[in-house]
């Protein structure tokens, strides 16, 4: 079986649509016809060579589609089911056994190598293996070979072209607020960054009943969108000389929760100081592999503040993604407000638009 996929080769940041061939589908794997795929900053980071990955490689890790066929050991889904593809995990390490798949001990190699756990690939390009398992899916492609563990069945009436980003960026932002940081009614929360992850956090904070939801974002259009999605306050950090003082003023003494999506150490430092006693700060991003924040130990101890590293929103995808899709379908989580759609042939333009902040969440339509 041959189909088109976007191939990232050595020494280029442009992807070319080429024909790949399905070599084999293993017993525990699922072949999905991809309907749409969101673009995440991780795709851009790999494209730009910030993290080493073997090429040629097919990126894409926010896929949604319809099950085409399944391996002999798969009972979780069947041909014709609508699915969202999320991150993959080993299923047998201590974290997986503890129902914490986002912290799988093999998360790195399984999700970023582009290969199966044994180093093989289900796909070939001109007779040679091609990385076809990025985040267990490589969904910048007409078809995706996923493991049964990272295939999430969703309701039959859900619009698939809008659901791909629920598998990573939306799940991360919403999960950080609802799962990792345990937002509850009455909490005051500040969210740094109004991209797809940050605005998903805004919507989740509204779902949680937070009494104050502040969005710190330099882009005026995104600040306006944040207010429409549930933020009660917005600030432009670039025109705020003393961010910590402003945060303390707006919150009247500190925020219960601060969620940073910027990955900028100085911003994390400012946010940590603006926490209320027993406040918690969650981080999901970093600019460089050696990024480091400076945390004052005395105030951390005396005020009971805490710092949380968060991966994939601490989500169990089989449970959390259907929950978010239900909220979306009921009008309580309008994630479609973040999206702009592109044809598959315009993938490189969509990646550039995301990289330059022109669009919040680009989504590639495969049909």
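Numbering (my numbering), first residue to last: 17 to 383.
Just so it is clear, CB atoms sit at the ideal spot from N, CA and C, and this is done for glycine as well.
For residue i, is the classification buried or exposed, using 16 other Cβ atoms within 10 angstroms of its Cβ as the cut-off for buried?
i	result
residue 129	buried
residue 331	buried
residue 277	buried
residue 383	exposed
residue 127	buried
residue 18	exposed
residue 9	Residue 9 lies beyond the range of the chain shown here (17 to 383); nothing can be said about it.
residue 147	buried
residue 314	exposed
residue 257	exposed
residue 348	exposed
residue 91	exposed
residue 237	exposed
Are the CB atoms of residue j and residue i within a distance shorter than 8 Å?
i	j	result
residue 166	residue 103	yes
residue 217	residue 275	yes
residue 157	residue 76	yes
residue 284	residue 309	yes
residue 83	residue 94	yes
residue 191	residue 329	yes
residue 246	residue 219	yes
residue 224	residue 263	no
residue 36	residue 86	no
residue 150	residue 33	no
residue 322	residue 296	yes
residue 271	residue 291	yes
residue 248	residue 273	no
residue 204	residue 232	no
residue 48	residue 160	yes
residue 38	residue 72	no
residue 320	residue 294	yes
residue 26	residue 64	no
Hey, quick one: how far does the alpha helix (DSSP H) through residue i stretch, first residue to last?
i	result
residue 140	Run containing residue 140: none in the alpha helix (DSSP H); it sits in the beta strand (DSSP E), 139-141.
residue 283	281-289
residue 338	333-345
residue 94	No alpha helix (DSSP H) contains residue 94, which DSSP labels as neither H nor E.
residue 164	That residue, residue 164, is in no alpha helix (DSSP H); it is neither H nor E in DSSP.
residue 222	212-224
residue 186	185-191
residue 63	57-63
residue 306	No alpha helix (DSSP H) holds residue 306; DSSP gives it neither H nor E.
residue 368	363-371
residue 126	123-128
residue 260	259-267
Only counting the same chain, and skipping five residues up and downstream in sequence, which positions put a Cβ closer than 6 Å to that of residue i?
i	result
residue 100	80, 168, 170, 179, 182, 183, 337
residue 298	192, 196, 197, 275, 324, 326
residue 212	185, 354, 376, 377
residue 344	351
residue 41	47, 87
I'd like to confirm the pairing. Which residues does DSSP put opposite residue i in its beta bridges?
i	result
residue 73	24, 147
residue 206	230, 274
residue 358	380
residue 160	48
residue 322	296
residue 250	231
residue 101	167
Taking the continuous beta strand (DSSP E) assigned at residue i, which residues delimit it?
i	result
residue 54	45-54
residue 38	31-38
residue 237	Where residue 237 is concerned, there is no enclosing beta strand (DSSP E), although the alpha helix (DSSP H) it sits in stretches over 236-245.
residue 84	79-86
Give every residue of the same chain whose Cβ lies closer than 8 Å to the Cβ of residue i, excluding the five residues on either side of it in the sequence, and list them in chain order.
i	result
residue 341	100, 170, 171, 174, 179, 182
residue 381	51, 52, 177, 357, 358, 359, 360
Cutting at 7 Å between CB atoms, please list the residues of its own chain near residue i, excluding the five before and the five after it.
i	result
residue 369	375, 378
residue 112	105, 106, 120
Does the distance between the C-beta of residue i and the nearest non-hydrogen atom of the ligand GTP fall short of 7 Å?
i	result
residue 291	With respect to the ligand GTP, the structure offers nothing, as it holds no ligand at all.
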